[in-house]
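What follows is a short report on a single structure.
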Amino acid sequence: MNLAGVMIQLFFPCSPPWYENLYGLAPADYSMPGSPAGLEAIDKLFGIDLYTSTFTASPMVFGAFPSLHSGCATTEALFMSYVFPRLRPVFVLYTLWFWWATMYLSHHYAVDLVGGSLLAGTCYFVAKAKYLPRLQNDKALRWDYDYVEIGEAKEGYAYGLTDLDDDFHPATTDSDEWTIGSSSSFSSGTRSPPAGASSPVDDAQSMWEGDTLASGSDTEAQR
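Mapping of the sequence shown onto the UniProt record's numbering: residues 1 to 223, in sequence order.
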């Protein structure tokens with residue numbers, strides 16, 4: 001996220017609000033020093049030289065868009081909301097407070113903050129889909145996991161066809177087993193009735209077997 005943001009700032013330099021407050025619409029160049037803007041009041045309040053020297057010597061004087069301040073705050077809020085979903089409102093308020101602070105201190109316009117958050121959100125959701133461990137809601141800590149699944153859960157077949165698996169592959173029952181046995185009996189050319197049961201087909205077959213060609217020939221000989 002930071003690398004992509006800096007590349008955008010280098011190729012598309014944009015001035016922050018403090019530049020307009022100091023120079024108006026005068027043409028800008030990189031020989032102009034940076035400014036701590038509203039953060040200078042903190043140095044004066046505590047009698048330190050932290051923000052003044054840091055922002056004055058910054059090489060990215062015109063790197064207002066996208067705001068990496070907003071990007072970092074958004075990344076933190078998204079990740080912490082992923083780990084602690086119930087505290088999401090707190091993290092959203094933190095990001096909004098960060099937005100207000102950067103505009104109040106004349107370091108960013110609103111469009112800079114939106115651009116930074118969009119960049120951070122894109123990077124975060126790509127990382128979540130490919131690299132972040134999948135949450136296990138029944139575990140309190142990451143160290144309690146017995147196994148780790150990376151990325152988002154797969155939906156299976158498209159268009160919800162997983163619901164049709166039961167229709168195509170019904171559970172095996174006793175009636176299914178009888179059907180399978182009957183079909184195998186047909187394929188082998190025989191059907192075996194239950195033990196102790198008689199079949200009309202068997203009776204007819206035994207009568208036919210008694211009237212064989214040999215018996216017919218004996219009858220002719222007797223004649």
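Don't be surprised by glycine CBs; every beta carbon is placed ideally from N, CA and C. Computed from a predicted model, the values in this text were never measured in an experiment.
Whole-angstrom distance between residue j and residue i, CA atom to CA atom
i           : j    : result
R142        : E20  : 48 Å
A120        : F55  : 23 Å
G5          : Y109 : 16 Å
I48         : M103 : 23 Å
L45         : T74  : 29 Å
A57         : V148 : 45 Å
E40         : S53  : 10 Å
C14         : K128 : 31 Å
Y76         : V92  : The question names Tyr, but residue 76 is Glu in the sequence shown. Between E76 and V92, the C-alpha separation is close to 10 Å.
P16         : D43  : 20 Å
F12         : Y94  : 28 Å
M1          : D138 : 32 Å
G115        : G151 : 26 Å
Y145        : A101 : 39 Å
P133        : P33  : 44 Å
S81         : V111 : 24 Å
L50         : Q136 : 43 Å
P59         : M7   : 13 Å
V126        : R86  : 23 Å
V90         : T122 : 21 Å
residue 233 : A140 : What is shown of the chain runs 1 to 223, which leaves residue 233 out entirely.
Beta-carbon separation (whole angstroms), residue i vs residue j, contact threshold 8 Å
i           : j   : result
Q9          : F65 : 7 Å
residue 241 : W18 : Nothing about residue 241 can be reported from this structure: the residues present for the chain run from 1 to 223 only.
Bridge partners - residue i, DSSP secondary structure assignment
i    : result
I150 : P133
C14  : G63
CB of residue i within 8 Å of CB of residue j, strictly
i   : j    : result
L78 : Y23  : no
A37 : S106 : yes
S70 : W97  : no
W28 : F62  : This sequence places Ala at residue 28; Trp is not what is there. Closer than 8 Å, so yes.
S67 : L3   : no
Residue i at chain C interface by Cβ criterion, 8 Å
i    : result
P133 : As a matter of chain content, chain C is missing from the structure shown, which is built from one protein chain.
Inset, instruction - Let me know the alpha helix (DSSP H) ranges lying completely inside the segment 68–117, each 4 residues or longer, listed in chain order. - result: 68–83, 88–104
Inset, instruction - List in chain order: all unbroken alpha helix (DSSP H) runs of 4+ residues lying wholly within the segment 23–48. - result: 40–46
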